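In my numbering, the protein residues as written are 2 to 466.
See structure below.
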């Protein structure tokens, strides 16, 4: 999904908003009170949809235009003394919410969160259902609480999910387990665990395919070449045959006894090398000496070395084919970890300044290694608020499947809790984590914007457009 326009009237009773967003990156800038935070809140209220937010924000009209699944869709809301009418361009009839129902949302704790009885009243309506089925932006507000599309915690039983993940990854920290800050970190751990499980499953498929290909090629018929013009392998080809490192890298997948295989291959190619060197030497000598007595031949017209080469070349070629299979296997296997590797590289590029690094265990658990510290790795709860903020953002952008193709990431004042050096790296890191994501950032920080001046939208100017 891409957000293209936002139009709103009488926000807070007086403020108009008109913003046209760039496809990849938009900075909302302006003085305090120009409506940056209100614009972001209205975007999320319309696209979630969040009736509680629509009830709490003062406005008369709010309208957002998006491109979702290659279709232009307009979601709008009008607000009056009677209540709110919520519309989506694909449906004629609006969802009407009376003033008394809006007050119920505001008075009831967690009234608009998933699973609440009040929310359930509207979930079955066509308008609410259609908006909910659209892609939803990832949002980080001023309270530093993340709203994440397709959140597993939202979809599953929240309390049970939190307790399970908290007991698993923070068994000795009940205080942290009960804190509000844990929700985002649990979600990150779940993303990493799920990614590692998917990697293992796909790697098992690669392993099985490699074993099958090895077995199949072992029985392929190789026609012999007994002509007089026998091409000898070049030194480069011989080096290809000796790529024993690839055999070792594939040990996990092939389940073969690597030391024994390497010893056998070493012996085989040592013998083949001597044969080739002898043939090469004979070929050079034959150019100088042309008499028959200087051309020692076997009865069949071939030298002993020629016969050895003819007999063993098919085996050498088969090994080369196996090495090509291994090369592709290793590339495919390494590519499986690309999202995890990208996430680790990006977050550690920030953390290295504080002598920390994120480690990913085989089960997906995240821990923090402090460089030069002799103690065991620490839990992610040891990170500062700014470090946690970056960890959660980069994990979702790198690993969340709902943002894999294209998505929208909205942040209100990303500079909060970030050192000036980290602010300067922020946009590049976010774009590298997910090049397809549309970024919408409301900021006061020149360090966040840097040389992206052309991507700025100034709200104080836009309201007069």
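Think of the CB as a built atom: it goes at the ideal place given N, C-alpha and C, for glycine as much as any other residue.
Keep in mind that this is a model prediction, so the values were computed, not measured.
Which listed residue (the options) has its alpha carbon closest to that of residue i
i, options, result
"residue 2", "57, 11, 74, 63", "74"
"residue 54", "104, 16, 26", "104"
"residue 336", "382, 200, 393, 319", "200"
"residue 140", "421, 431, 413, 458", "413"
"residue 354", "41, 123, 422", "422"
"residue 443", "16, 39, 8", "39"
"residue 188", "439, 396, 458, 457", "396"
"residue 409", "384, 27, 438, 429", "438"
"residue 91", "433, 271, 60, 135", "135"
"residue 46", "31, 101, 148, 323", "148"
"residue 212", "323, 377, 382, 345", "323"
"residue 62", "457, 70, 44", "44"
"residue 16", "34, 22, 30", "34"
Continuous alpha helix (DSSP H) stretch holding residue i: start and end
i, result
"residue 141", "No alpha helix (DSSP H) holds residue 141; the beta strand (DSSP E) holding it covers 139 to 141."
"residue 211", "183 to 219"
"residue 396", "386 to 400"
"residue 54", "52 to 57"
"residue 32", "Segment: none, residue 32 is in no alpha helix (DSSP H) and carries neither H nor E."
"residue 346", "339 to 352"
"residue 131", "127 to 134"
Cα-Cα separation between residue i and residue j, rounded to whole angstroms
i, j, result
"residue 398", "residue 380", "22 angstroms"
"residue 24", "residue 76", "18 angstroms"
"residue 387", "residue 219", "56 angstroms"
"residue 5", "residue 68", "7 angstroms"
"residue 79", "residue 125", "21 angstroms"
"residue 106", "residue 58", "13 angstroms"
"residue 222", "residue 317", "14 angstroms"
"residue 358", "residue 374", "12 angstroms"
"residue 454", "residue 217", "59 angstroms"
"residue 146", "residue 186", "11 angstroms"
"residue 292", "residue 311", "Reliability of the predicted coordinates at residue 292 is poor, the pLDDT of 48 falling under 50, and the value obtained from them is presented with this limitation in mind. Answer to the nearest angstrom: the Cα atoms are 25 angstroms apart."
"residue 184", "residue 64", "31 angstroms"
"residue 202", "residue 419", "37 angstroms"
"residue 18", "residue 389", "33 angstroms"
"residue 195", "residue 313", "47 angstroms"
"residue 333", "residue 207", "8 angstroms"
"residue 361", "residue 394", "17 angstroms"
"residue 279", "residue 309", "11 angstroms"
"residue 325", "residue 205", "19 angstroms"
"residue 143", "residue 416", "11 angstroms"
"residue 7", "residue 460", "12 angstroms"
"residue 94", "residue 85", "13 angstroms"
"residue 276", "residue 210", "34 angstroms"
"residue 319", "residue 338", "30 angstroms"
"residue 60", "residue 82", "11 angstroms"
"residue 342", "residue 363", "13 angstroms"
"residue 99", "residue 432", "42 angstroms"
"residue 133", "residue 87", "13 angstroms"
"residue 458", "residue 349", "32 angstroms"
Boundaries (first-last residue) of the beta strand (DSSP E) holding residue i
i, result
"residue 459", "457 to 459"
"residue 439", "439 to 443"
"residue 11", "3 to 12"
"residue 370", "367 to 371"
"residue 412", "409 to 413"
"residue 381", "Looking at the DSSP string, residue 381 is not in any beta strand (DSSP E), and its letter there is neither H nor E."
Min CB distance residue i to chain C below 8 angstroms
i, result
"residue 278", "Absent from the structure is chain C; it holds one protein chain and no more."
DSSP-derived helix/strand/coil call for residue i
i, result
"residue 75", "strand"
"residue 278", "helix"
"residue 103", "helix"
"residue 436", "coil"
"residue 42", "helix"
"residue 82", "coil"
"residue 358", "strand"
"residue 63", "strand"
"residue 160", "Note that residue 160 scores a pLDDT of 49, beneath 50, so its modelled location is shaky; the value from the coordinates is reported in the next line. Looking at residue 160 - three-state DSSP - the assignment turns out to be helix."
"residue 92", "coil"
"residue 306", "helix"
"residue 419", "coil"
"residue 333", "helix"
"residue 295", "Here residue 295 scores only 49 on pLDDT, less than 50, and its place in the model should not be relied on; the value that follows carries that caveat. Correct three-state label for residue 295: helix."
"residue 25", "coil"
"residue 69", "strand"
"residue 451", "coil"
"residue 108", "helix"
"residue 19", "strand"
"residue 446", "coil"
contact_flag[the region 6 to 19, the region 441 to 457] where n(CB pairs < 8 angstroms) is 3 or more: no
Touch test, the region 401 to 416 against the region 354 to 372, Cβ-Cβ under 8 angstroms, three pairs minimum: no
Touch test, the region 128 to 142 against the region 34 to 52, Cβ-Cβ under 8 angstroms, three pairs minimum: yes
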